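Residue numbers for the sequence shown follow our numbering, so the first one is 1 and each next one is one higher.
Just so it is clear, CB atoms sit at the ideal spot from N, CA and C, and this is done for glycine as well.
All values derive from a computational prediction rather than experimental measurement.
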Amino acid sequence: MTFFERFETDILSGKKTITIRDSSECHYAPDSIVEVSTFEQGRRFCALRITSVTPILFDDLTDFHAEQENMTLTELKEVIADIYPGIKQLFVIKYELV
1 MTFFERFETD
11 ILSGKKTITI
21 RDSSECHYAP
31 DSIVEVSTFE
41 QGRRFCALRI
51 TSVTPILFDD
61 LTDFHAEQEN
71 MTLTELKEVI
81 ADIYPGIKQL
91 FVIKYELV
């Protein structure tokens, strides 16, 4: 699994506990361990245990999701819209550091 470098500190500190992805990354299974690296350089920085994968519509995202991403809801929706323009169906992948 990859993350933009700007999210590394929040992941390692436990401030970011979910990631919201499109259907190409909905295959993760609860209890699986995934290696995590930066999107930009492919540098490994941790391992995560997937705890759940839940479908959600873009319009159903809430402040609770934003809090788990360590963002405001406005920021979260802007980031998602930049990465996945026009997307409606998403998946919330909840994880914990191992």
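(1) S52 and P85: beta carbons closer than 7 Å?
(2) Where does Q41 sit, in a helix, a strand or coil, going by DSSP?
(3) State the Cα-Cα distance for the pair T38 and F64, rounded to the nearest angstrom.
(4) According to the neighbour-count rule (16 or more other Cβ atoms, all chains shown, within 10 Å of its Cβ), is E78 buried or exposed?
(5) Quick check on the burial criterion: 16 or more other C-beta atoms within 10 angstroms. Buried or exposed for I11?
(6) Which runs of the beta strand (DSSP E) spanning at least 3 residues fall entirely within the segment 17-64, listed in chain order?
(7) Buried or exposed for L97, please, with buried defined as at least 16 other CB atoms from any protein chain shown within 10 angstroms of its CB.
Quick look at the numbers:
(1) no
(2) The answer is coil: DSSP assigns Q41 none of H, G, I, E or B.
(3) Straight through space, the alpha carbons of F64 and T38 are spaced by roughly 25 Å.
(4) exposed
(5) buried
(6) 18-21, 33-38 and 44-57
(7) exposed
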